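Residue numbers (my numbering), protein chains in the order written: chain A, 1 to 319; chain B, 1 to 319; chain C, 1 to 319.
Please read the structure below before turning to the comments.
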Amino acid sequence: MSFDYKIQFDEENKLKHFLNIELLTENHINEILALAKHFATEESNKFKDLEGKTIASLFFEPSTRTKTTFELASKRLSADFINIDILNSSTLKGESVLDMIKTLEAMSCDMFIVRHSISGTPHYIASEVGNTISIINAGDGTHSHPTQAMLDMYTIKKHKGGFKNLNVSIVGDILHSRVAKSIITSLKILGVNNINVIGPENLMPDNLKELKVSYHNSLEGGIDQADVVIMLRLQKERMHEALISIEDYYKNFGLTKNKIATAKKDVIVMHPGPINRGVEIDSDVADGPNSVILDQVTAGISVRMAIMSLVLKNKCFKK
Amino acid sequence: MSFDYKIQFDEENKLKHFLNIELLTENHINEILALAKHFATEESNKFKDLEGKTIASLFFEPSTRTKTTFELASKRLSADFINIDILNSSTLKGESVLDMIKTLEAMSCDMFIVRHSISGTPHYIASEVGNTISIINAGDGTHSHPTQAMLDMYTIKKHKGGFKNLNVSIVGDILHSRVAKSIITSLKILGVNNINVIGPENLMPDNLKELKVSYHNSLEGGIDQADVVIMLRLQKERMHEALISIEDYYKNFGLTKNKIATAKKDVIVMHPGPINRGVEIDSDVADGPNSVILDQVTAGISVRMAIMSLVLKNKCFKK
Amino acid sequence: MSFDYKIQFDEENKLKHFLNIELLTENHINEILALAKHFATEESNKFKDLEGKTIASLFFEPSTRTKTTFELASKRLSADFINIDILNSSTLKGESVLDMIKTLEAMSCDMFIVRHSISGTPHYIASEVGNTISIINAGDGTHSHPTQAMLDMYTIKKHKGGFKNLNVSIVGDILHSRVAKSIITSLKILGVNNINVIGPENLMPDNLKELKVSYHNSLEGGIDQADVVIMLRLQKERMHEALISIEDYYKNFGLTKNKIATAKKDVIVMHPGPINRGVEIDSDVADGPNSVILDQVTAGISVRMAIMSLVLKNKCFKK
């Protein structure tokens, strides 16, 4: 897999799409987090920033949480939002993705929110559309989930004040997780050097050394210094690759009350959701005092509002 | 089944949710009917009352009519409306209802419209959400359908001027009908003492005496004094419990032109819809001069607008 | 099949519905095209023309392209748009179309966008609804697709300046094509006398002579004088009626680079979409310099905005 990571920037290095974390600067991320804070702290939930703009969601993979937050974010910015029901669409079945995209582009849409099971699809679409459309990656294959990473950074900053000297542990199937990859890249850009990954060895990427992250094959020893513990959702269908039963997974990597008690007192526990209670995380922890899982959901709205409005403002619109 | 009927009121006895008719006062109902009349009689169909508010519909049972009226009512109040497609959602399948609710709550939704096949689900949700969300019951199991009852009261008041001295007959499966239960409770609060229920004996609740309603096992004798006849939709799958064939049901309880001719000349005929023509009601009657069935549909919009805006205005919103 | 073509006009011959092209005058069409141009050329994508109006889409046949353009058009006119999900609706299954229509009418909808596989359904609905609702035909059976024809006229006028002395060729299954029929009728009203139809003989209507169009049984000789070539989508399930294989169809009627080279240099190539690449049209042509296919898509929005706002302005609204 190789992706054109430069495609999301214009000649002034401003964002014209939002496709992945790679090549973002600390400034890019800080600008997003600052604008998100503005949207989150205003009295009103309604803004006029994207009035007259049309945003289409193209989810080739099912989703509720992410799709709903993008729809809410669009509406709170006063954009016209349209959901292309790809899974139930019959007309589109015979049509290539590219023909569909070109058709929507011709309808004067300003932005597509794209989720696809094939890594790189949003980049491919961005490379094919004209200068008047922006693409937001809402998750592509095992590659990237950049808006999730941004809402996670927002949540960390809110609770920890900043990123310098933080110790972050990520637990689960790092190999297949687009969330984990986008988080690690974001943390590195923000200067976080102590990153631990924890999970079955078979579910770790080959390039751990290159990533400069520490590997632990059990929660013990992996979370005791952590300021932030990020749990990943267990994909049960991946377990055969991990050569591990769900019971053993829970024993080694499930976050329980006893295990979180071995970490720092003010550690925050994160999870992209939806959570598998009693599998990768116990209810005691998910609903406990260290959990900031619902804060992540809340951040998802204002962070996506920030990304969408930044990208559309940077873009030069020609009718 | 036991429900916390106090949960929908704040300390000043104002509505903060709308879950059932029980414990409502005549004042509560009159306030709803008056506000509904305001919305119905204004020149414009567009109001700014809920601008900036977010309303999510959570229909765990399929519905078109009720869901559509809530969506239209939300839009006419300028709220952002979002439909959570639970039946087609795959992500949510592994998630508990409570996790889904907490997630939507974290997205700063202001109101959930809930329909569920299990009685009491809206009360359970109302007991679990925080102080910033209002729940509207759009029908729960065999328990309650309070917005339907309110639109029926609106329709009766419109055509009969008021409720004192009215004689009302309700025909069909009272036992399983959430509509019938909410109507009877509403009528009693409004001072209607002459209520007749008509239908197969096996489809009557045990507490008819306690309810102080009169039972008739055929339309004859049950509707001749009625000012209002409310037909219920026949649920064909209940007929085996009633030990009655659809043919015999029609013969005894189907409302025909001949039968309505035995009632008062100015009787109004109501039905919550969708109607089974030729089963519980003939087209001659459904489309005839005594029918106010489409008036009920019209009332459904303004009554739901009234309930939604009342509840959201009463609620103390903390961001 | 016989349809009441007068039903779409009021006593002043203004449009109160938009059901078919028959009986339209050149003035009617020019008014639509002029208003569409206004919407297309304004700086903004957002207009207040239909604020407070409610538009419901009723697609009994699946569609993405047409439904999406109507939804976008409605939103850009600031109408409240509601999609009745007929295919997934369970409540409506037991309900007749007429009961559903009457119910939506009672909800104070102002306009229905109707697509149905049975020819004449929009006319039937228009004959049954009251004076406050307008019906737009979004395609009925093999009969009519008038908004498609209007967007095609818009596209032709944009590229050719006008209609006098034009030579237009339409290629494909004319017999079953509602698009072809509406286009031919429109062209005749606009004074286009040289119309060629090209396709398998079995897929031609009986009344070619009456229509005063010339028939060709191959692309050669049919497109060499054409200013406009309109390709129709091949419905593979019709091929057995045509007694022709898809391979032979492509050989005789598929538009290739070589074949378009035999036409005028400035010929424009149109297609209602979605296209079957390599079946009725090659990618070389669909994406080539003569293709205006994406212009048609763009025109679809402003033309539908024009039709919807004209019809609703003509209609006398009584609440």
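In this text, a Cβ means the ideal position worked out from N, Cα and C, and glycines have one as well.
This one's a predicted model, so the numbers in the text were calculated from it and none came from an experiment.
Rounded to whole angstroms, what is the Cα-Cα separation between residue 91 of chain C and residue 233 of chain B? As a position in the third sequence, residue 91 of chain C is number 91, starting the count at 1. As a position in the second sequence, residue 233 of chain B is number 233, starting the count at 1. Confidence at residue 91 of chain C is low in this model, with a pLDDT of 46, below 50, so the placement of that residue should be treated as unreliable; the coordinate-derived value is given next. Approximately 12 Å, taken between the alpha carbons.
Name the residue from C/115, C/308, C/70, C/277 whose alpha carbon lies nearest to the alpha carbon of residue 99 of chain A. Here residue 99 of chain A refers to the residue found at position 99 when the first sequence is read from its first residue. Measuring from the Cα of residue 99 of chain A, the nearest candidate turns out to be C/277.
When you compare the CB of residue 127 of chain A with every CB in chain C, is at least one pair closer than 9 Å? What you label residue 127 of chain A is simply residue 127 of the first sequence in a count that begins at 1. Answer no: the Cβ-Cβ gap between residue 127 of chain A and chain C never drops below 9 Å.
Cβ-based neighbour list, residue 70 of chain C, same chain, cut-off 7 Å, excluding 5 preceding and 5 following: Translated into positions along the third sequence, residue 70 of chain C becomes position 70. 57, 113, 138, 304.
Outcome for residue 300 of chain B when other beta-carbon atoms lying within 10 angstroms are tallied against a minimum of 16: By 1-based counting over the second sequence, the position of residue 300 of chain B is 300. Residue 300 of chain B comes out buried.
C-beta neighbour in chain A for residue 312 of chain B, strict 9 Å: Position 312 of the second sequence, counting from 1, holds the residue named residue 312 of chain B. Not one chain A Cβ lies under 9 Å of residue 312 of chain B.
Applying the 10 Å Cβ sphere with the 16-neighbour rule, what's the burial state of residue 262 of chain C? The residue given as residue 262 of chain C occupies position 262 in the third sequence. Residue 262 of chain C is exposed by the Cβ-count criterion.
Using a beta-carbon distance cut-off of less than 7 Å, what residues from the stretch 241-265 of chain C approach chain A? none
At a Cβ threshold of 9 Å, is residue 37 of chain C touching chain B? As a first step, residue 37 of chain C is located in the third sequence; it is residue number 37 there, counting from the start. No, because no Cβ of chain B sits closer than 9 Å to the Cβ of residue 37 of chain C.
Output yes if chain A places a C-beta closer than 9 Å to the C-beta of residue 90 of chain B; else output no. Locating residue 90 of chain B in the second sequence gives position 90, where the first residue counts as 1. Low per-residue confidence applies at residue 90 of chain B: pLDDT is 47, beneath 50, and the placement is therefore not dependable, though the value from the model is reported in the following sentence. Closer than 9 Å to some Cβ of chain A, the Cβ of residue 90 of chain B qualifies, so yes.
Let me check understanding here. Comparing Cα to Cα, which of A/194, A/218, A/223 lies closest to residue 209 of chain A? Along the first sequence, read from residue 1 onward, the residue named residue 209 of chain A stands at position 209. Per the Cα distances, A/194.
Hey, quick one: how far does the alpha helix (DSSP H) through residue 39 of chain A stretch, first residue to last? As a working note, residue 39 of chain A is residue 39 in the first sequence. Looking at the DSSP string, the run of the alpha helix (DSSP H) that includes residue 39 of chain A is 26-41.
Could you tell me which residues DSSP puts in a beta bridge with residue 82 of chain B? Sequence index remark: in the second sequence, residue 82 of chain B carries index 82 (1-based). Paired residues: B/56.
Alpha carbon to alpha carbon, how far is residue 186 of chain A from residue 153 of chain A? Give it in angstroms, no decimals. Residue numbering aside, residue 153 of chain A sits at position 153 when the first sequence is read from its first letter. Residue numbering aside, residue 186 of chain A sits at position 186 when the first sequence is read from its first letter. Looking at the two C-alpha atoms, the distance is approximately 8 Å.
Cα-Cα separation between residue 182 of chain A and residue 8 of chain B, rounded to whole angstroms: For this step, residue 182 of chain A is matched to residue 182 along the first sequence. For this step, residue 8 of chain B is matched to residue 8 along the second sequence. Their backbone Cα atoms lie some 44 Å apart in a straight line.
Name the residues in the stretch 291-303 of chain B whose C-beta lies less than 7 Å from a C-beta of chain C; which are they? 294, 297, 298, 301
Residues sharing a beta bridge with residue 15 of chain B, DSSP: As a position in the second sequence, residue 15 of chain B is number 15, starting the count at 1. Its beta-bridge partners are B/9.
Would residue 96 of chain C be called buried (16 or more neighbouring beta carbons within 10 Å of its own) or exposed? Numbered from 1 along the third sequence, position 96 holds the residue referred to as residue 96 of chain C. By the 10 Å Cβ count, residue 96 of chain C comes out exposed.
Starting from residue 138 of chain C, trace the beta strand (DSSP E) both ways and give me its first and last residue. Position 138 of the third sequence, counted from the start, is the residue given in the question as residue 138 of chain C. From DSSP, the beta strand (DSSP E) with residue 138 of chain C extends over 134-140.
Name the residue from A/221, A/230, A/212, A/190 whose alpha carbon lies nearest to the alpha carbon of residue 268 of chain A. The residue given as residue 268 of chain A occupies position 268 in the first sequence. The candidate whose alpha carbon is nearest that of residue 268 of chain A is A/230.
In three-state DSSP terms, what is residue 21 of chain A? Residue mapping note: residue 21 of chain A aligns to position 21 of the first sequence, counting from 1. Residue 21 of chain A: coil per DSSP, three-state reduction.
Give a yes or no on whether the C-beta atoms belonging to residue 321 of chain A and residue 189 of chain A are separated by under 9 Å. This structure does not reach residue 321 of chain A, given that chain A is present from 1 up to 319, and the question cannot be answered.
Answer yes or no: do residue 228 of chain C and residue 213 of chain C have a C-beta to C-beta separation smaller than 9 Å? In the third sequence, residue 228 of chain C corresponds to position 228, counting from 1. In the third sequence, residue 213 of chain C corresponds to position 213, counting from 1. Their beta carbons are not under 9 Å apart, which means residue 228 of chain C does not touch residue 213 of chain C by this criterion.
Closer than 8 Å by C-beta to residue 75 of chain C: which residues in its own chain qualify, once you throw out the five before and the five after it? Chain order, please. Indexing the third sequence from 1 puts residue 75 of chain C at position 75. Excluding sequence neighbours, residue 75 of chain C sits near 81.
Measure the Cβ-Cβ separation of residue 78 of chain C and residue 46 of chain C and say whether it is below 9 Å. Residue mapping note: residue 78 of chain C aligns to position 78 of the third sequence, counting from 1. Residue mapping note: residue 46 of chain C aligns to position 46 of the third sequence, counting from 1. Yes.
Run the CB neighbour count on residue 245 of chain A, radius 10 Å, all protein chains shown included, and call it buried at 16 or more, exposed below. Walking along the first sequence from the start, residue 245 of chain A turns up at place 245. It counts as exposed.
Residue 112 of chain C lies in the alpha helix (DSSP H); which residues open and close that run? What you label residue 112 of chain C is simply residue 112 of the third sequence in a count that begins at 1. First-last for residue 112 of chain C: 111-116, but that is the beta strand (DSSP E), not the alpha helix (DSSP H).
Closer than 9 Å, CB to CB, is residue 104 of chain C near chain B or not? In the third sequence, residue 104 of chain C corresponds to position 104, counting from 1. Yes, its Cβ sits closer than 9 Å to a Cβ of chain B.
CA nearest to the CA of residue 166 of chain A, picked from A/143, A/150, A/223, A/144: For the purposes of this step, residue 166 of chain A is taken as the residue at position 166 of the first sequence. When only C-alpha atoms are compared, the closest one is A/223.
I need the DSSP call for residue 293 of chain B, collapsed to helix, strand or coil. Numbered from 1 along the second sequence, position 293 holds the residue referred to as residue 293 of chain B. In this structure, residue 293 of chain B counts as helix in the three-state DSSP scheme.
Residue 240 of chain C - DSSP class collapsed to helix/strand/coil: If you number the third sequence from 1, residue 240 of chain C lands on position 240. Here residue 240 of chain C sits in helix by DSSP.
For a test of the three-state rule: what should DSSP assign to residue 195 of chain B, helix, strand or coil? For this step, residue 195 of chain B is matched to residue 195 along the second sequence. Strand, per DSSP.
Have a look at B/295, B/15, B/287, B/20 and flag the residue whose alpha-carbon is nearest the alpha-carbon of residue 149 of chain B. As a working note, residue 149 of chain B is residue 149 in the second sequence. Comparing Cα-Cα distances from residue 149 of chain B to each of B/295, B/15, B/287, B/20, the minimum goes to B/20.
Report yes or no: is there a C-beta of chain B within less than 9 Å of the C-beta of residue 268 of chain C? Within the third sequence, numbered from 1, the residue matching residue 268 of chain C stands at position 268. With 9 Å as the cut-off, residue 268 of chain C does not count as an interface residue toward chain B.
Span of the alpha helix (DSSP H), counted from its first residue to its last, around residue 186 of chain A: Within the first sequence, residue 186 of chain A is the residue found at index 186, counting from 1. First-last of the alpha helix (DSSP H) with residue 186 of chain A: 178-189.
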